[in-house]
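Colleague:
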Amino acid sequence: MSTPETHAVQARYARRDNAADANRYSLYANAAALQAQQERLRAMARLWRAHGWTSLADRPLLEVGCGSGGNLLDLLRLGATPGLLGGIELLPERTAAARAVLPGGVQLIEGDACAAPVADASQQAVLAFTVFSSLLDPAYRQQFARTLWRWVAPGGGVLVYDFVVNNPHNPDVRKVPPAELRTLFPSARLRSLRLTLAPPLARRLPAGLIAPAARLAPFLRTHRLTWAVKPL
């Protein structure tokens, strides 16, 4: 199934990909990207340990908007079971890239998440990283949130990592403030951490100063990692 919003997302990503610096998101070439990834992984583990999970093994986990598979690889490194791990990606070229790097046991679905064949209450965690900010249609955002929420089993949750400030240089994304997440997941218990030093600033700093700058100036962090838990 395709909708006007999913077509628009494809067009926006194609425009951004054509203009992007190939090294901007490279963990090898870009110290700011590496710092953001490592900080996010520590925060994910901290949230889930506080939730009472001593391990990710044997837990069904799904990422929506999995891109080329980087976050799924991170989940495997954290101990996720490949046969219980899945990803959904709208863009065919990114789905192909993910298939090339992930173990065969990881299930990948290509297409619109709202039409994906995922059973209700089948997942202990559903991840959506910088996905909501790419959905500019408010009605589709709500439909998307309801879909993810259906998939989550009671006691599990939706893990959202996204912008909480607008980027004046990128009209293709829109911030997702905490108040909106409370509206999108009205019955959830939310726990949130502010992360990620503003990337334009982080890219200009020496690698060793990125983390200290984020600690000293938390108001310059541009993203939040939010764990929205479904009641038992």
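Take 3 as the starting number for the sequence shown in this note's numbering and just add one per residue.
Note that the Cβ used here is the ideal one computed from N, Cα and C, for glycine as well.
#1: What first and last residue would you give for the beta strand (DSSP E) that runs through W229?
#2: Would you report the Cα separation of Q1 and V162, rounded to the nearest angstrom?
#3: A123 by DSSP, collapsed to three states: which one?
#4: Taking DSSP as the reference, what is the three-state secondary structure of G72?
#5: As a quick exercise: from A115, L199 and L87, pick the residue whose alpha carbon is nearest that of Q40.
#6: Count the C-beta pairs between the region 187-205 and the region 120-128 that are closer than 8 Å, then say yes if the count reaches three, no if not.
#7: If you reduce the DSSP assignment to three classes, tell me which class T8 lands in.
#8: Any idea what DSSP makes of R193, helix, strand or coil?
#9: Could you tell me which residues DSSP puts in a beta bridge with V128?
#10: When the Cα atoms are used, what is the spatial distance from Y15 to P94?
#11: If we ignore side chains and look at the alpha-carbon of each, how far apart do S194 and R226 end up?
#12: When the distance is taken between beta carbons, is E65 closer than 9 Å to V128?
Modeller: In brief:
#1: For W229, the uninterrupted beta strand (DSSP E) segment begins and ends at R223 to V231.
#2: One cannot answer for residue 1 here, as it falls past the ends of the chain, which runs 3 to 234.
#3: Three-state result, A123: coil.
#4: In this structure, G72 counts as helix in the three-state DSSP scheme.
#5: Among A115, L199 and L87, the Cα nearest to that of Q40 belongs to L199.
#6: With the cut-off at 8 Å, the region 187-205 and the region 120-128 do not touch.
#7: Helix, per DSSP.
#8: Note: R193 maps to strand in three-state DSSP.
#9: L64 and V160, per the DSSP bridge assignment.
#10: Approximately 12 Å, taken between the alpha carbons.
#11: So the alpha carbons of these two residues sit roughly 6 Å apart.
#12: Cβ atoms of V128 and E65: closer than 9 Å.
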